[in-house]
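Position one of the sequence shown corresponds to residue 10 (the numbering used here), numbered consecutively onward.
Even for Gly, the Cβ is constructed at its ideal location relative to N, Cα and C.
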Amino acid sequence: MRSKESQSPVLKDQPAGGRRAGLQDIARELGVSVSLVSKVLNNRLGTSGASREMVNAITSKAAELQYRKNAAAHSLAGGKQNAIGVFIHQHGVDGSNISEAIVRGIAEAAIRHSQRLVLQYYQSAPQLSDLLPLAHGGTVDGLILAGVPHAKLATALQEALREQLPVVTIYAEPVHADFPNIGIRPDDLLRAAVDHLVERGCRKIVHVSRDVLRESGFVSAIRARGLSLDANAICKVPDFSIASGVRAARFWLQERTPFDGIVCQSDQHACGVMNELSKAGVGVPGQAKVVGIDNSPYCDLLPVPLSSVSQQDIERARLAVDLLMKRVGGEHADSVFVAPVLHPRESSR
10 MRSKESQSPV LKDQPAGGRR AGLQDIAREL GVSVSLVSKV LNNRLGTSGA SREMVNAITS
70 KAAELQYRKN AAAHSLAGGK QNAIGVFIHQ HGVDGSNISE AIVRGIAEAA IRHSQRLVLQ
130 YYQSAPQLSD LLPLAHGGTV DGLILAGVPH AKLATALQEA LREQLPVVTI YAEPVHADFP
190 NIGIRPDDLL RAAVDHLVER GCRKIVHVSR DVLRESGFVS AIRARGLSLD ANAICKVPDF
250 SIASGVRAAR FWLQERTPFD GIVCQSDQHA CGVMNELSKA GVGVPGQAKV VGIDNSPYCD
310 LLPVPLSSVS QQDIERARLA VDLLMKRVGG EHADSVFVAP VLHPRESSR
């Protein structure tokens, strides 16, 4: 049992019982009104006749007592919930980590802005419409939408606008002029991949294509470099899976298509391509250099570590929260396009 001398003393100025200091405690210590303390600590002194000495005494006493604002009371007083909604249509093949990265970036920025999150996933435009009343009900101060955009999304967002709910989206392109978007241009993604391969000496570059906008970006990047495309250079596939990458590699091998560089629209495409080339005795990167998109967590773990273009999902998510908080505060916010980042590894050395 500890002696009385070894026990930690209770500071005279701290509230009894270990409770957190409040405005009343500061006011009682200084012999002033609670109203005056509140005005000083909330920067709403206005024309009140408090002297500079009294203001300094109040702020010093607040620091001494380790006073912290009651966030819940402060938000209620300002008509705010200190919460933002996050509705995500999960996308990206298993292992790409896209949705997880978006949530991580939003969560990190939310902490910085002292915001709580209301997170929901959805799979269709009707499901999103069903979710919007949750945001309209006054539970959140703003809404972030991310993942896969839908053709009917703009209509659903207009409903949110009528409710005066600030909305920010995280899509490749903006879905509506009234909603700021943190985007990334498909052209920029494919240009980063093509430029990287050209700088590594590739001149006969082929492409695994699932998305037409990315395919268009690939063609534009090839033309910008003054290169030509073989008739079979673009292999269209049904999805972003490993199987589609295998399918593309088999097609080029069967058609005897010449290639020294391969741009894939996903990292799983690239995994399938490299597996099939390895079976056929085609060395990567010795005979063909390969680049994927998404910079998935497993890129460093492959037998041949994969070069990949990052869509900057975490950074875009952080920026989305920053823009949303501007909108919540009544400020104007414009859409932003983020530049992709290529992460070079062994597959394109």
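(1) Check residue 130 in the structure and name its three-state DSSP category.
(2) Along the chain, where does the alpha helix (DSSP H) that runs through residue 260 open and close?
(3) Taking only three categories from DSSP, how would you classify residue 298?
(4) Which residues in the same chain have their Cβ closer than 7 Å to the Cβ of residue 343, if we skip the five residues on either side of it in sequence?
(5) Note the first and the last residue of the continuous beta strand (DSSP E) segment covering residue 188.
(6) Specify, as a first and last residue, the run of the beta strand (DSSP E) that residue 273 falls within.
(7) Residue ranges of each beta strand (DSSP E) run of no fewer than 3 residues wholly in the region 315-346, ordered along the chain?
(8) Does the region 68-76 come close enough to the region 120-129 to have 3 or more Cβ pairs within less than 8 Å?
(9) Is the distance from the Cβ of residue 144 to the Cβ of residue 152 below 8 Å?
(10) Would you mind stating whether residue 283 and residue 122 have Cβ atoms separated by less than 8 Å?
(11) If you follow the alpha helix (DSSP H) that residue 68 is in, where does it begin and where does it stop?
(12) Can you tell me the Cβ-Cβ gap for residue 313 and residue 291, rounded? I've got them flagged as a contact below 8 Å.
(13) Taking all protein chains shown into account, decide if residue 304 is buried (16 or more other Cβ within 10 angstroms of its Cβ) or exposed.
(14) What would DSSP say about residue 155, mapped onto helix, strand or coil?
(15) Is the beta carbon of residue 90 less than 8 Å from the beta carbon of residue 148?
(16) Here's a check: name, in chain order, each residue in its chain whose Cβ is nearer than 7 Å to the Cβ of residue 357, leaving out the five neighbours to either side.
(17) Verify whether the separation of the beta carbon atoms of residue 349 and residue 201 is less than 8 Å.
(18) Taking the DSSP output, what are the residues bridged to residue 351?
(19) Could you compute how far the alpha carbon of residue 346 sits from the alpha carbon of residue 203?
(20) In three-state DSSP terms, what is residue 235?
(21) Could you check which residue in 124, 286 and 234 has the C-alpha nearest to that of residue 254?
(22) Could you please give the first and the last residue of the uninterrupted beta strand (DSSP E) stretch that includes residue 214?
(23) Taking the alpha carbon of residue 276 as the point to measure from, which residue in 106, 341, 242 and 68 has its own alpha carbon closest?
(24) Quick check on this structure: which residue in 198, 186, 154 and 187 has the alpha carbon closest to the alpha carbon of residue 180?
(25) State the Cα-Cα distance for the pair residue 195 and residue 263, rounded to the nearest angstrom.
(26) Tell me whether the beta-carbon of residue 183 lies closer than 8 Å to the beta-carbon of residue 336.
On the basis of the supplied data:
(1) Taking the sequence shown and counting its residues from 1, one reaches residue 130 at position 121. Correct three-state label for residue 130: strand.
(2) On the sequence shown, position 251 is the one that residue 260 refers to. Run containing residue 260: 251-263, per the alpha helix (DSSP H) assignment.
(3) Walking along the sequence shown from the start, residue 298 turns up at place 289. Here residue 298 sits in strand by DSSP.
(4) The residue you call residue 343 lines up with position 334 of the sequence shown. Here the set comprises 189.
(5) The sequence position of residue 188 within the sequence shown is 179, counting from 1. First-last for residue 188: undefined, no H or E at that position.
(6) Locating residue 273 in the sequence shown gives position 264, where the first residue counts as 1. Residue 273 -> beta strand (DSSP E) spans 270-273.
(7) Runs of the beta strand (DSSP E) lying entirely within the region 315-346, each at least 3 residues long, are 316-319 in chain order.
(8) Between the region 68-76 and the region 120-129 there are fewer than three C-beta pairs closer than 8 Å, too few to call the two in contact.
(9) Locating residue 144 in the sequence shown gives position 135, where the first residue counts as 1. Locating residue 152 in the sequence shown gives position 143, where the first residue counts as 1. Yes, the pair counts as a contact, with Cβ atoms nearer than the cut-off.
(10) What you label residue 283 is simply residue 274 of the sequence shown in a count that begins at 1. What you label residue 122 is simply residue 113 of the sequence shown in a count that begins at 1. In this structure, residue 122 does not lie closer than 8 Å to residue 283 by Cβ.
(11) Counted from its first residue, the sequence shown places residue 68 at position 59. It spans 61-73 - the alpha helix (DSSP H) in which residue 68 sits, taken as one unbroken run.
(12) Position 304 of the sequence shown, counted from the first residue, corresponds to residue 313. Position 282 of the sequence shown, counted from the first residue, corresponds to residue 291. Not really, about 12 Å apart at Cβ, beyond 8 Å.
(13) For this step, residue 304 is matched to residue 295 along the sequence shown. By the beta-carbon neighbour count (other beta carbons within 10 angstroms, threshold 16), residue 304 is buried.
(14) Here residue 155 refers to the residue found at position 146 when the sequence shown is read from its first residue. If DSSP states are grouped into helix, strand and coil, residue 155 belongs with the strands.
(15) Along the sequence shown, read from residue 1 onward, the residue named residue 90 stands at position 81. Along the sequence shown, read from residue 1 onward, the residue named residue 148 stands at position 139. Taking 8 Å as the Cβ cut-off, residue 90 and residue 148 qualify as a contacting pair.
(16) Against the sequence shown, residue 357 aligns to sequence position 348. Only 205, 206, 209, 294, 298, 299, 300 and 316 meet the Cβ criterion.
(17) The residue you call residue 349 lines up with position 340 of the sequence shown. The residue you call residue 201 lines up with position 192 of the sequence shown. Yes, the Cβ-Cβ distance between residue 349 and residue 201 is below 8 Å.
(18) As a first step, residue 351 is located in the sequence shown; it is residue number 342 there, counting from the start. Residue 351 is bridged to 318.
(19) Locating residue 346 in the sequence shown gives position 337, counting from the first residue. Locating residue 203 in the sequence shown gives position 194, counting from the first residue. Residue 346 and residue 203: Cα-Cα distance of roughly 20 Å.
(20) Along the sequence shown, one-based indexing puts residue 235 at 226. It is coil, neither helix nor strand.
(21) For this step, residue 254 is matched to residue 245 along the sequence shown. Restricting attention to 124, 286 and 234, the CA atom closest to the CA of residue 254 is found in 286.
(22) Taking the sequence shown and counting its residues from 1, the one referred to as residue 214 is at position 205. That run of the beta strand (DSSP E) goes 214-218.
(23) On the sequence shown, position 267 is the one that residue 276 refers to. For residue 276, the nearest C-alpha among the options comes from 106.
(24) If you number the sequence shown from 1, residue 180 lands on position 171. Distance check between residue 180 and each of 198, 186, 154 and 187 places 154 closest, using alpha-carbon atoms only.
(25) Translated into the one-based positions of the sequence shown, residue 195 becomes position 186. Translated into the one-based positions of the sequence shown, residue 263 becomes position 254. Cα-Cα distance, rounded: 29 Å.
(26) Stepping through the sequence shown from its first residue, residue 183 is reached at position 174. Stepping through the sequence shown from its first residue, residue 336 is reached at position 327. The Cβ atoms of residue 183 and residue 336 lie no closer than 8 Å to each other.
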